[in-house]
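Asks:
Protein chains in written order, with the working numbering: chain A, 1041 to 1275; chain B, 74 to 521.
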C-alpha cells in the first residue's frame, strides 16, 4: 500500500449508509482520500452506490442489495457475500466480490469490471450493456438474459437458459451449460476470443493457470433480430 | 309475359352488417390471416370507455358562491415530491408532459415538448431510450424515467434530472414491455441503447434487478442514495389494481405516484394489448386516492393521473377526484402537429387518414414527430411546435381555472368530488359520484 494514501475508516455499526455515501460522493477527481475501509456492513443495502471518483472502498463483510450500484471510476471490494444487483448499471471501475453474489449481479452494467470470486445466482449479467463480468464459480439460470454487449466469463457452470434473447454480448463458459436460451448458440473460439480471455485471466489473477481453450464461447444466433411469425415458438 | 301475369316483386331486406363481425373486426381477421403477425400500433385504447365526458360539474348555486374570472385569484401551482426529496419540483400548472422516448419520437419533437413545457412552467419526461441533450437543454424541469430496459441509463443523467420516475407499467399495456422496430433504430438511437443498428428492439417488461414491493423499497433507497436524497422519486403504474399499486408504491417510499389509464398512449404495442388490458383512467382515480387517504398520505404523496386528458375540463375533473396533477402525451403530440388534417393526403398514402394515424412504430410519420427519418423530422420546427404546445397548455390551465372559479374555488386543488355528478351509471360507479339529479352512487359499499 502506498504510504501516501490517506485512509479512512467508517464503522457502519455507528455510522449510517447515508453518512458513508455522502462522504464518498463528496470526493472529487484527484482527491487524495483514496482508501476507505468499511467495517460492519451487516448486509446493509446500497453501500458505496453512485460513486464517481478513483477511490478504493474495502467493505469488510457481507453487503445487501445494490452495493457499488452505478459505480464510476471507483474500486469497490467486498470481503464477503453480496446481495441482489451488486454493481448494477456500473459504468466503469471495478467491483470485486470475494464471496458469492446473489441474483442480477452486474444487471444492465455499461462498463467496468465485475469480478466475483464465488458463485453468482440467477440472472447474472441480465441486460448487460458493456460490462466485463468474471465469475470464478458458477452462474445461475437465465444469466446474460437479453445481454446486449460486453463479456461474461464463467469458470464454473451455467444454469438453464444461458443467454436467452441475447444480443451482441460475448459469453465464455468453462464448465457445463444446463441449456441455452432462445437464440443463444455456441460459437467458434477464435484467437481474438482467446486474447480476450487472457485479459480476463489477468484481471482475475489467474494468468498462466488456465488454458483458454477449455472455454466454450456462446453468442447470438441473430435469428430473432427481426420478428417473424415462424419464430414465434422460440419466444 | 304481360304486366298482369308477372309475379309480385318480393321486398328485399337490406344488406345487414354484423355488430359482432363489424368492418374493422373483419379487416383485422383478414390482415392476421394474410400476415401471421399481430397488429402493432401506437396510441392508447381507441374503443369508447367511460371517461371524463361522462361527468359534469355542478357549478355554483345559492349555497356555493363563485369567484370572478380575471379578478379573483385561482391558483394552479403544484409542488411534487414533498415527502422525502430535498428538492421538490415546483410547477406553475398541474398539467405535465408524460414520458415519451427519444427513439419513438424524433429529436425535434422532444425539443418541442421541452420548449412548450418550459414556457408554461411545467415538466417534461424522458422515455425508454435515455436522456437527449435536446430534451435536457430545453426542459427547465425534466423527469428521468427509470425503466426495465435501462437503455441509456447512467448516473450522470440521473444527477442532471430534476426527478426520477420508476416505471413499473403504463396504461396502454400494464404488464407489457416495449417494442421499437428496426426502421426506427437509427445509428444514434442504437448508440444510446447499446444495440446494433436496424434490429427490432424489445424493452423488458420487468425490472432486471428487483421484483415486488419489498425489493422496490430497496431500489428506491438506492436511487435516493445515488442522488443524495435530493430528487423526488415517482413510481408510475398502469391502471390495473390502483388501490393496491398506490398503497404499495407509498409503502416502497415513493414521493409521487403516477397512475396511467388505458387511454394513455404507447409508441408501439399489440392492438390486442392496448384494447384489452388495463382499466380506464376514470376507474382508477378514486381507488388510488382512497389508498392515499387510508394511509394518511393524500396530498403528502402526490398523485399524477394520465390517460386521455384532452382539455381543461378533464384536468379539473381529475383534480376534483383527488389527483394533484395530470400528465398528457397524445394530446401534446396533437398540439405539436400529429394527425393534422393538412397532412391527410400523406396519411392516406400510408393507408390511414388524418385523425386515425397510429402506425407510429413504422417511423414514416409525415408530421416529423414519430420518426427517426432525417428528412421527415426536419418538417417539425421545434420552436413553432413548442409554441403550439405552450398555447395548448395555457388554454388547458385557463379552462381548469374557469371551472374551479365557477365552483367557487380559489385553487384548482380545492375542487372536490362533491362538485361532480355523473351522466351514466358506469361513470357514477367508477368516479364514485352520484348520477346527475339523484343521490345514487352505484357500487359504493361493495368490494373493490
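For glycine and all other residues, C-beta sits at the position ideal for the given N, C-alpha and C.
Which whole runs of the beta strand (DSSP E) in the segment 379-432 of chain B are 3 residues long or more, in chain order?
Replies: 398-401
Asks: Go through its chain and collect everything with a Cβ distance to residue 1051 of chain A's Cβ below 7 Å, but skip five positions before and after it.
Replies: 1079 and 1080
Asks: When the Cα atoms are used, what is the spatial distance from residue 1136 of chain A to residue 1116 of chain A?
Replies: 6 Å
Asks: Are the segment 285-302 of chain B and the segment 326-335 of chain B in contact at 8 Å, needing three or more beta carbon pairs?
Replies: yes
Asks: In three-state DSSP terms, what is residue 1257 of chain A?
Replies: Looking at residue 1257 of chain A - three-state DSSP - the assignment turns out to be strand.
Asks: Can you find a C-beta in chain B that's less than 8 Å from the C-beta of residue 1128 of chain A?
Replies: Output row for residue 1128 of chain A: interface = yes.
Asks: Flag this pair as touching only if the segment 112-124 of chain B and the segment 335-349 of chain B have three or more C-beta atom pairs under 8 Å; answer yes or no.
Replies: Note that the segment 112-124 of chain B touches the segment 335-349 of chain B; at least 3 beta-carbon pairs, one per stretch, sit closer than 8 Å.
Asks: Below 6 Å CB to CB, which residues in the same chain sit around residue 100 of chain B once its five sequence neighbours on both sides are set aside?
Replies: none
Asks: Would residue 192 of chain B pass as a contact of residue 409 of chain B if the rule is Cβ separation under 8 Å?
Replies: Against a cut-off of 8 Å, the Cβ pair of residue 409 of chain B and residue 192 of chain B comes out as no contact.
Asks: Near residue 185 of chain B, what residues of its chain come up, given a Cβ to Cβ distance below 7 Å and the 5 sequence neighbours on each side ignored?
Replies: 409, 453, 455, 458, 459 and 462
Asks: Look up residue 1235 of chain A in the DSSP assignment and say whether it is helix, strand or coil.
Replies: helix
Asks: Looking at residue 400 of chain B: is its Cβ nearer than 8 Å to the Cβ of residue 237 of chain B?
Replies: no
Asks: Within the 8 Å Cβ cut-off, does residue 305 of chain B reach chain A?
Replies: no
Asks: Check whether the segment 222-231 of chain B and the segment 495-505 of chain B touch, using three or more Cβ-Cβ pairs below 8 Å as the test.
Replies: No: the two stretches stay apart, fewer than three of their Cβ pairs being nearer than 8 Å.
Asks: Any beta carbon from chain B within less than 8 Å of residue 1189 of chain A's own beta carbon?
Replies: yes
Asks: Taking 8 Å as the cut-off, decide whether the C-beta atoms of residue 435 of chain B and residue 274 of chain B are in contact.
Replies: Their beta carbons are not under 8 Å apart, which means residue 435 of chain B does not touch residue 274 of chain B by this criterion.
Asks: With 8 Å as the C-beta to C-beta threshold (strictly closer), list the residues of the segment 1130-1148 of chain A near chain B in chain order.
Replies: 1131, 1143, 1144, 1147 and 1148
Asks: How far does the beta strand (DSSP E) with residue 345 of chain B in it extend, from its first residue to its last?
Replies: Secondary structure note for residue 345 of chain B: it is in no beta strand (DSSP E), and the uninterrupted alpha helix (DSSP H) holding it is 344-349.
Asks: If we count the other Cβ atoms within 10 Å of its Cβ and call it buried at 16 or more, is residue 373 of chain B buried or exposed?
Replies: exposed
Asks: Go to residue 472 of chain B, then tell me how far its alpha helix (DSSP H) extends in each direction, as first and last residue.
Replies: 455-479
Asks: Check whether the Cβ of residue 223 of chain B lies closer than 8 Å to any Cβ atom in chain A.
Replies: yes
Asks: Using a Cβ cut-off of 8 Å (strictly closer), state whether residue 1077 of chain A contacts chain B.
Replies: no
Asks: Out of B:122, B:96, B:443 and B:417, point me to the one whose CA is closest to residue 354 of chain B's CA.
Replies: Of the candidates B:122, B:96, B:443 and B:417, B:122 places its Cα closest to the Cα of residue 354 of chain B.
Asks: Out of A:1165, A:1152, A:1085 and A:1260, state which residue places its alpha-carbon closest to the alpha-carbon of residue 1228 of chain A.
Replies: Among A:1165, A:1152, A:1085 and A:1260, the Cα nearest to that of residue 1228 of chain A is on A:1260.
Asks: What does residue 255 of chain B touch in chain A if you count any residue whose Cβ is under 7 Å from its own?
Replies: 1266
Asks: Distance, Cα to Cα, residue 1182 of chain A vs residue 1154 of chain A?
Replies: 18 Å
Asks: Using a Cβ-Cβ cutoff of less than 7 Å, which residues in the same chain neighbour residue 420 of chain B once the five nearest sequence positions on both sides are dropped?
Replies: By the criterion of a C-beta distance shorter than 7 Å, residue 420 of chain B is surrounded in its chain by 426, 427, 430 and 439, once the five residues flanking it on both sides are discounted.
Asks: Let me check you understand the geometry: is the CB of residue 126 of chain B closer than 7 Å to at least one non-hydrogen atom of the ligand GTP?
Replies: Although the ligand GTP was asked about, the structure shown includes no ligands whatsoever.
Asks: Name the two residues that bound the continuous beta strand (DSSP E) containing residue 253 of chain B.
Replies: 251-253
Asks: In chain B, which residues lie less than 8 Å from residue 1058 of chain A when you measure between Cβ atoms?
Replies: 298 and 302
Asks: For a test of the three-state rule: what should DSSP assign to residue 521 of chain B, helix, strand or coil?
Replies: Any reading at residue 521 of chain B needs caution, since the residue's pLDDT is 43, under 50, leaving its predicted position unreliable; the model's value is listed next. In this structure, residue 521 of chain B counts as coil in the three-state DSSP scheme.
Asks: Compute the distance between the beta-carbons of residue 1085 of chain A and residue 294 of chain B, then report whether it is under 8 Å.
Replies: A contact, by the Cβ cut-off of 8 Å.
Asks: Would you mind working out which of A:1098, A:1087 and A:1241 sits nearest residue 1138 of chain A, comparing C-alpha positions?
Replies: A:1098
Asks: Please list, in chain order, all residues of the same chain as residue 414 of chain B whose beta carbon is under 8 Å from its beta carbon, the five residues on each side excluded.
Replies: 427 and 428
Asks: Should residue 384 of chain B and residue 315 of chain B be called a contact, given that it needs their Cβ atoms to be closer than 8 Å?
Replies: no
Asks: Along the segment 261-273 of chain B, what residues have a CB closer than 9 Å to any CB found in chain A?
Replies: 266, 267, 268, 269, 271, 272 and 273
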